[in-house]
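Inspection log for the structure reproduced underneath, given as structure tokens.
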Amino acid sequence: MSATASRRAVCAASLAMAHACVGLLLLQSIRQIRSLRSDLVELQRRVEEHQVPAGRDPGHPWSTRGQGGWRGTRDVRGPSRRKMRQTKWRAFLHLLPVSSHSDDEKDCTVVKWAPSQSQGLLVSGETITVVTGGPYFIYSQVLYKNATVFMGHVISKSLNGAGGTLMKCFTSMPERSSISSKALNSCFTAGVHFLESGSVLELNIPRKSAEVILKPHSTFLGIFHI
Numbered sequence: 569m570s571a572t573a574s575r576r577a578v579c580a581a582s583l584a585m586a587h588a589c590v591g592l593l594l595l596q597s598i599r600q601i602r603s604l605r606s607d608l609v610e611l612q613r614r615v616e617e618h619q620v621p622a623g624r625d626p627g628h629p630w631s632t633r634g635q636g637g638w639r640g641t642r643d644v645r646g647p648s649r650r651k652m653r654q655t656k657w658r659a660f661l662h663l664l665p666v667s668s669h670s671d672d673e674k675d676c677t678v679v680k681w682a683p684s685q686s687q688g689l690l691v692s693g694e695t696i697t698v699v700t701g702g703p704y705f706i707y708s709q710v711l712y713k714n715a716t717v718f719m720g721h722v723i724s725k726s727l728n729g730a731g732g733t734l735m736k737c738f739t740s741m742p743e744r745s746s747i748s749s750k751a752l753n754s755c756f757t758a759g760v761h762f763l764e765s766g767s768v769l770e771l772n773i774p775r776k777s778a779e780v781i782l783k784p785h786s787t788f789l790g791i792f793h794i
């Protein structure tokens, strides 16, 4: 066999292989197109199933118009009840200081509060009453100006005549300087506690005639259901 004949044979074999590869690619493309077409038909069928049928009022999913209208399941909850189920109602309360006074019987200083924002909790002067029992997050801060070594406050709970301490916060007070005649320092505390329905909370400072800064950003008390 001459060299020319050999080259022709190689070219013919290469051409045949190329035709075979093109055929395989074409067959694979046809299969993919058929698969995509099938998926498109299925998607169109699902879209048509979710479309509002003729004669049905889009604003009322259970209503029909005229005879032979679409009949579906009536949604008796209404938009307001559906919204209530989606957003769970939670009790919360944020208190701001109004005044403070000494309690001679308890030998402490008590802060009188006014609600800034509230829902589901009762406030009466110095106390908070829990309506719905459950876990609550409690937080408090008091800004003091006493020239003593330590200052602090206690949050107590009473229920059915029995009482106890929930939280304590104590801080050391700085000495008075030549720049300011007052020694200022704040004490912040927070925690989670389970409170029964009817529990009464109170914040008091275990020192008579305690000097407290009664500003909303300095002294406050809050609680919310979690």
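Take any residue in the sequence shown, count from 1 to its spot, add 568: that is its number in the working numbering. Beta carbons are placed, not taken as given, at the ideal position from N, Cα and C, and that holds for glycine.
- prompt: Can residue 769 and residue 663 be called in contact, C-beta distance under 7 Å?
  reply: no
query: residue 724 lies in the beta strand (DSSP E); which residues open and close that run?
result: 718-727
message: Mapping the DSSP letters down to three states, classify residue 585 as helix, strand or coil.
response: helix
- prompt: Excluding sequence positions up to five away, which residues of its chain have a Cβ less than 6 Å from the Cβ of residue 684?
  reply: 662 and 664
message: If you reduce the DSSP assignment to three classes, tell me which class residue 781 lands in.
response: coil
field: Under 7 Å between C-beta atoms of residue 741 and residue 753
entry: yes
query: Which value, in whole angstroms, describes the spacing of the CA atoms of residue 680 and residue 692?
result: 9 Å
- prompt: Using 8 Å as the Cβ pair cut-off and three pairs as the minimum, do the region 758-766 and the region 713-722 touch?
  reply: no
- request: Using the DSSP secondary-structure output, state which residues sit across from residue 730 in a beta bridge.
  value: 727
- prompt: Hey, residue 785 and residue 659: beta-carbon distance below 7 Å or not?
  reply: no
message: Comparing C-alpha positions only, which one of 604, 758 and 711 sits nearest to residue 704?
response: 758
- prompt: Around the Cβ of residue 696, are there at least 16 other Cβ atoms within 10 angstroms (buried) or fewer (exposed)?
  reply: buried
task: Determine, using beta carbons only, whether residue 772 and residue 678 come nearer to each other than 7 Å.
output: yes
field: From 726, 717, 712 and 713, residue whose alpha carbon lies closest to that of residue 698
entry: 726
query: With burial defined as no fewer than 16 other Cβ atoms inside 10 Å of the residue's Cβ, what is the status of residue 711: buried or exposed?
result: buried
task: Return yes when the Cβ of residue 776 is within less than 7 Å of the Cβ of residue 670, no when it is not.
output: yes
field: For residue 609, the three-state DSSP class (helix, strand or coil)
entry: helix
query: How many angstroms separate the CA atom of residue 613 from the CA atom of residue 604?
result: 14 Å
- prompt: How big is the Cα-Cα spacing for residue 682 and residue 778?
  reply: 19 Å
field: Rounded separation between residue 606 and residue 701 - CA only
entry: 57 Å
field: beta strand (DSSP E) runs wholly inside the region 664-719, at least 3 long, in chain order
entry: 676-687, 689-692, 695-698 and 702-712
query: DSSP on residue 740, reduced to helix/strand/coil?
result: strand
- prompt: If you drop the 5 nearest sequence neighbours on each side, which residues of the same chain put their C-beta closer than 6 Å to that of residue 668?
  reply: 677, 679 and 780
field: Spatial distance of residue 738 from residue 787 (CA atoms)
entry: 14 Å
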